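Asks: Please see the structure below; I have some questions.
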Amino acid sequence: MLKYRFYATLLDRFQTYLDTQAEDYFYQDEEGKWHKNYSETEDTLHFSQEEVDALLKQELLDAINRVPHEPSEAASKGTAFNEVIDCIIHNRGSENDNVIIKTITSGTDLFNARNRNHVRIANKLDGIIPIIPEHDLPHCEALCKKAISTFIYAACDCFEFLFDIPFCKSVAEYFKGSLSQVFTSATIDTKFGEVELYGYIDELRENKVYDLKTTSRYEFGKYAKYWQRHAYPYTLIESGMCTEINSFEFTAYTLKGGTSRTPLITGVQYPEVYQYDHEQSKVLLKEICERFCEFLEDNRSSITNKKIFNEE
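Note that the sequence shown covers residues -5 to 306 in the working numbering.
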């Protein structure tokens, strides 16, 4: 009998909750700026380990309960970039209602795209919002002159991004022939009952799964503890969608640009590849799912999203 349902990336949040040390924690101040919890100059912690544990636990519970949160520019940039790449791969328009994509060849194009995004945001807020002065036609024309070449405009949430076309085409070429945003799900037996794991795979080609990541800084092994590399191949095989998966790749891009001086965003690719062993991943997934189920039961009174208990 199915007792729990959760998406694979929720396991990543749980892993972060289990592993994070106070020295490695980053916090955001009231102005939205990020700071490292440990100050090397003062040799002090802003938050104690107990406080960090409490903060991470609340973040995890908020994710479980799908509590709305303010969008971040980094996350929105990643979403927009992913959609741009899929549009180029499959020669289509945006299928994400939260992302506007437009190829810009002139100041008028940019002005119209920004107006469309302005209307989208106003409709979401159910009211009128003032037009940003920097978005008027003269400013749009000046920005296009600075960019020099044709580029891709992408708006997501309340942020907008200008992507370099040759860069985006090179990324799309890397994933050529793949299936994009593939939904996958399968169950796994635990001592707490049957668990359904599910999620969306960014790119799937032949016997390899890809997860596209964007980051400001990269070091190899950055995604070693991310559970997608176990969960997605597992669900593909267990559900019968695939008979064999050989490897999982986190295709990371460090993005640069997007400033007044360098308006177009480009990036550098860092593939992080892991070989997939189905039986080994099955054991590891069972262990982490059982630990997460225990956490869910211990905190059941704080969980309002009953879907995770398969009760809705």
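Note that the Cβ used here is the ideal one computed from N, Cα and C, for glycine as well. Please read all numbers here as calculations on a predicted model, not as lab measurements.
Is it buried or exposed, residue 224, if we count other Cβ atoms within 10 angstroms and call 16 or more buried?
Replies: Working through the sequence shown from its first residue, we reach residue 224 at position 230. Classification of residue 224: buried, given that the 10 Å Cβ count is 16 or more.
Asks: Counting Cβ pairs closer than 8 Å, one from the region 172 to 190 and one from the region 222 to 240, do we hit at least three?
Replies: Because the criterion of three Cβ pairs below 8 Å is met, the region 172 to 190 and the region 222 to 240 touch.
Asks: Quick one: residues in its chain with C-beta nearer than 8 Å to the C-beta of residue 168, no 5 flanking neighbours on either side, listed in chain order?
Replies: Within the sequence shown, numbered from 1, the residue matching residue 168 stands at position 174. Closer than 8 Å at Cβ, skipping near neighbours: 245, 263.
Asks: For residue 66, name the three-state secondary structure that DSSP assigns.
Replies: Against the sequence shown, residue 66 aligns to sequence position 72. Coil.
Asks: Can you tell me whether residue 213 is buried or exposed? The criterion is at least 16 other CB atoms within 10 Å of its CB, across all chains shown.
Replies: Locating residue 213 in the sequence shown gives position 219, counting from the first residue. Classification for residue 213: exposed.
Asks: Measuring alpha carbon to alpha carbon, tell me which residue in 101, 73, 253 is nearest residue 91.
Replies: Against the sequence shown, residue 91 aligns to sequence position 97. The shortest Cα separation from residue 91 among 101, 73, 253 belongs to 73.
Asks: Rounded to whole angstroms, what's the CA-CA distance from residue 274 to residue 280? Just pull it up for me.
Replies: On the sequence shown, residue 274 is found 280 positions in, with the first residue counted as 1. On the sequence shown, residue 280 is found 286 positions in, with the first residue counted as 1. Cα-Cα distance, rounded: 10 Å.
Asks: Measure the C-alpha to C-alpha separation of residue 221 and residue 139 and round it to an integer number of angstroms.
Replies: Indexing the sequence shown from 1 puts residue 221 at position 227. Indexing the sequence shown from 1 puts residue 139 at position 145. C-alpha separation (whole angstroms): 44 Å.
Asks: Considering Cα atoms alone, identify which of 3, 12, 149, 171 is closest to residue 65.
Replies: Looking up residue 65 in the sequence shown gives position 71. Answer by Cα proximity: 149.
Asks: Report buried or exposed for residue 215, applying the criterion of at least 16 other Cβ atoms within 10 angstroms of its Cβ.
Replies: Taking the first residue of the sequence shown as position 1, residue 215 is located at position 221. Exposed is the call here.
Asks: Taking only runs of the alpha helix (DSSP H) that begin and end inside the region 149 to 201, which ones reach a length of at least 4 residues, in chain order?
Replies: List check, alpha helix (DSSP H) in window: 159 to 168.
Asks: If we ignore side chains and look at the alpha-carbon of each, how far apart do residue 59 and residue 291 end up?
Replies: The residue you call residue 59 lines up with position 65 of the sequence shown. The residue you call residue 291 lines up with position 297 of the sequence shown. Distance between the alpha carbons of residue 59 and residue 291 is about 14 Å.
Asks: Residue -2 and residue 189 look like a contact to me (Cβ under 8 Å); what is the Cβ gap, rounded to whole Å?
Replies: Residue numbering aside, residue -2 sits at position 4 when the sequence shown is read from its first letter. Residue numbering aside, residue 189 sits at position 195 when the sequence shown is read from its first letter. That belief holds up - the Cβ atoms of residue -2 and residue 189 are roughly 5 Å apart, short of 8 Å.
Asks: Measure the alpha-carbon distance for residue 104 versus residue 249 and round it to whole angstroms.
Replies: Numbered from 1 along the sequence shown, position 110 holds the residue referred to as residue 104. Numbered from 1 along the sequence shown, position 255 holds the residue referred to as residue 249. Each residue's alpha carbon lies about 22 Å from the other.
Asks: Are there 16 or more other CB atoms within 10 angstroms of the CB of residue 366, so buried, or fewer, so exposed?
Replies: A question about residue 366 goes unanswered here, because the residues of the chain that appear run from -5 up to 306.
Asks: Taking the C-alpha atoms as reference points, what is the distance between residue 82 and residue 277?
Replies: Position 88 of the sequence shown, counted from the start, is the residue given in the question as residue 82. Position 283 of the sequence shown, counted from the start, is the residue given in the question as residue 277. Cα to Cα, residue 82 sits roughly 38 Å from residue 277.
Asks: What three-state label does DSSP hand residue 60 in the structure shown?
Replies: Taking the sequence shown and counting its residues from 1, one reaches residue 60 at position 66. Looking at residue 60 - three-state DSSP - the assignment turns out to be coil, as it is neither helix nor strand.
Asks: Relative to the alpha-carbon of residue 187, which residue among 251, 288, 236 has its alpha-carbon at the smallest distance?
Replies: Position 193 of the sequence shown, counted from the first residue, corresponds to residue 187. The candidate whose alpha carbon is nearest that of residue 187 is 288.
Asks: Rounding to the nearest angstrom, what Cα-Cα distance links residue 69 and residue 151 in this structure?
Replies: By one-based count along the sequence shown, residue 69 stands at place 75. By one-based count along the sequence shown, residue 151 stands at place 157. Each residue's Cα considered, the two are about 10 Å apart.
Asks: Please name the residue or residues paired with residue 243 in a DSSP beta bridge.
Replies: Mapped onto the sequence shown, residue 243 falls at position 249. For residue 243, which the question treats as bridged, DSSP gives the partners 204, 267.
Asks: Since residue 196 and residue 76 are thought to touch, with beta carbons under 8 Å apart, how far apart are those beta carbons, to the nearest angstrom?
Replies: On the sequence shown, residue 196 is found 202 positions in, with the first residue counted as 1. On the sequence shown, residue 76 is found 82 positions in, with the first residue counted as 1. Indeed they touch by this definition, with Cβ atoms about 7 Å apart.
Asks: Secondary structure at residue 97, three-state DSSP: helix, strand or coil?
Replies: Here residue 97 corresponds to residue number 103 of the sequence shown, with the count starting at 1. Three-state DSSP puts residue 97 in a strand.
Asks: Given residue 205, which residues of its chain have a CB within under 6 Å of its CB, disregarding the five upstream and five downstream residues?
Replies: Start at 1 with the first residue of the sequence shown, and residue 205 comes out as number 211. Result list for residue 205: 196, 222, 244, in chain order.
Asks: Should residue 80 go down as buried or exposed, given a rule of 16 or more other Cβ atoms within 10 Å for buried?
Replies: Position 86 of the sequence shown, counting from 1, holds the residue named residue 80. Looking at its Cβ environment, which holds 16 or more other Cβ atoms inside 10 Å, residue 80 is buried.
Asks: If we ignore side chains and look at the alpha-carbon of each, how far apart do residue 300 and residue 5 end up?
Replies: Start at 1 with the first residue of the sequence shown, and residue 300 comes out as number 306. Start at 1 with the first residue of the sequence shown, and residue 5 comes out as number 11. Approximately 17 Å between the Cα atoms of the pair.
Asks: Return the residue from the list 39, 251, 10 that minimises the CA-CA distance to residue 156.
Replies: As a working mapping, residue 156 is identified with position 162 in the sequence shown. Among 39, 251, 10, the Cα nearest to that of residue 156 belongs to 251.
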